[in-house]
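Chains as they are written, first to last, in my numbering: chain V, 1 to 232; chain F, 233 to 325.
Each remark here refers to the structure printed beneath this line.
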Amino acid sequence: MHLSPDQIVYWHYGFLKLNGTIAFTWALMLVLTAGSALVTRRLSMDLNRARWQNLLEIVVTGIEKQIEDVGLSHPQKYIGFLGTLFLFIALASLCTIIPGFEPPTGSLSTTAALALCVLVAVPMFGIEEQGLGSYLKSYLEPTVIMLPFNIISELSRTLALAVRLFGNMMSGTMILAILLTITPFIFPIAMSALGLLTGMVQAYIFSILAGVYIASATRARRPKPAQAATPS
Amino acid sequence: MDSMTLIAIASIVTAGLTIALGSIGPALGEGRAVATALSSLAQQPDAATTITRTLFVGLAMIESIAIYCFVVSMILIFANPFWNHAIAQTVGK
């Protein structure tokens, strides 16, 4: 029994290793990019559309609407980052129904990389939106005493993002493996259906939380009316 | 008892205690969250989509506390760092 796809090693030479995590991540990236490239090659503006274009439009407009609901008023600017996070994690957990596939998000290195992307992206969007000075000043809100706590919260929420996704995906595969040894026939199917649901919910939560963090960094200290609508 | 047995006993007992004690709080919290969401759904059925979405996000955040405990107990059982350290010491002797 192994904890993560890191332990499946296909090929290694010196310190170069090709483990399951890297292989499945690249496979997912290939599916996502090749699929979108194939679909967007022939876009049409009239009423007759290919069904794949319809599917892609539903996905993109759905993500845009969710980002807007979080409180970011120009979703087109953030959909590149948040939408990619959502699609990657969602596809990773959706593909677990393929036999032999292990979700790359079940490895702590993948989820830590995704969480580090969020850690870097939040100040970037914040500085771009309100300037370096006033972004740094938002760390001193409400008083100077809160400075270390603001920094700690920034780091601890990154850790929480990484461990939450890792724990959920890892526990899904782990529970399946344990159940297969105890009750081998029907019950694991129900658990894998539950695993699909939690995978989707985790993908949604990861991207929505990243959106909430970006929203709180970009909008931080505007004049009153924007502040009144702050969602908790 | 040598140190390996002691480490094994301590980590197995601690893993069980971690998951047992750590799931009490999130279970109570999730129960309260669902109960409150149901009563507010009964009061305002129009806001069903918003309530359900917020409920799911909140439930997953509460559940992640139990997941942290699960991760810690899995590390204690399957990837115990003290265990590897003790093995390295006995081999080195």
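Backbone N, C-alpha and C define an ideal beta-carbon position, used for all residues, glycine too.
Here the structure is a predicted model, which means the values were calculated and not measured.
Alpha carbon of residue i to alpha carbon of residue j, nearest angstrom
| i | j | result |
| --- | --- | --- |
| V/A34 | V/W26 | 12 Å |
| V/I63 | V/G83 | 6 Å |
| F/A292 | V/V39 | 33 Å |
| V/L176 | V/Q7 | 18 Å |
| F/V304 | V/L161 | 16 Å |
| V/G211 | V/E102 | 27 Å |
| V/I245 | V/Y78 | Lying outside 1 to 232, the shown extent of chain V, residue 245 of chain V is not represented and no answer is given. |
| V/L116 | V/N48 | 42 Å |
| F/T322 | F/T246 | 23 Å |
| V/F141 | V/L147 | In the sequence as presented, Phe is not what sits at residue 141 of chain V; that position holds Glu. Distance between the alpha carbons of V/E141 and V/L147 is about 8 Å. |
| V/V144 | V/F206 | 30 Å |
| F/G248 | F/M306 | 10 Å |
| V/I89 | F/G324 | 43 Å |
| V/L155 | V/L119 | 8 Å |
| V/I189 | F/R264 | 29 Å |
| F/T268 | F/L287 | 10 Å |
| V/D46 | V/S36 | 20 Å |
| V/L114 | V/I97 | 23 Å |
Residue burial classification, residue i (beta-carbon count within 10 angstroms, cutoff 16)
| i | result |
| --- | --- |
| V/P5 | buried |
| V/Y204 | buried |
| F/L308 | buried |
| V/F166 | buried |
| V/N150 | exposed |
| V/R42 | exposed |
| V/Q76 | exposed |
| V/I178 | exposed |
| F/M233 | exposed |
| F/A320 | exposed |
| V/I208 | buried |
| V/N168 | buried |
| V/A193 | exposed |
| V/V163 | buried |
One or two residues paired with residue i in a DSSP bridge
| i | result |
| --- | --- |
| V/N19 | V/V9 |
Cβ-based neighbour list, residue i, same chain, cut-off 8 Å, excluding 5 preceding and 5 following
| i | result |
| --- | --- |
| V/L91 | L28, V31, L32 |
| F/I239 | N312, F314, W315, A318 |
| V/A121 | F81, A210, I214 |
| F/S243 | L308, I309, N312, F314, W315 |
| V/L11 | The question names Leu, but residue 11 of chain V is Trp in the sequence shown. Excluding positions up to five away in sequence, the list reads K17, L18. |
Residue i - DSSP class collapsed to helix/strand/coil
| i | result |
| --- | --- |
| F/I256 | helix |
| V/T173 | helix |
| V/N48 | coil |
| V/A121 | helix |
| V/R41 | coil |
| V/T143 | coil |
| V/R219 | coil |
| V/H74 | coil |
| V/P148 | helix |
| F/M233 | coil |
| V/S134 | helix |
| F/Q276 | coil |
| V/G14 | coil |
| V/P225 | With a pLDDT of 48 at V/P225, under the threshold of 50, the modelled position of this residue cannot be trusted; read the value that follows with caution. The answer is helix: DSSP assigns V/P225 an H, G or I state. |
| F/G324 | helix |
| V/F186 | Residue identity check: residue 186 of chain V is Ile in the sequence provided, not Phe. Coil, per DSSP. |
| F/T246 | helix |
| V/P103 | coil |
| V/S4 | coil |
| V/A90 | helix |
Cβ neighbours of residue i in the same chain (closer than 7 Å, five flanking residues each side left out)
| i | result |
| --- | --- |
| F/G298 | The sequence as given places Ala at residue 298 of chain F; Gly does not occur at that position. Here the set comprises G254, S255, P258. |
| V/I22 | none |
| V/L87 | L32 |
Within-9 Å CB hit, residue i to chain A
| i | result |
| --- | --- |
| V/Q76 | Absent from the structure is chain A; the protein chains it does hold are V and F. |
Chain-order list of residues whose beta-carbon lies under 6 Å from that of residue i (same chain, five-residue window excluded)
| i | result |
| --- | --- |
| V/C95 | F101 |
| V/L108 | F166 |
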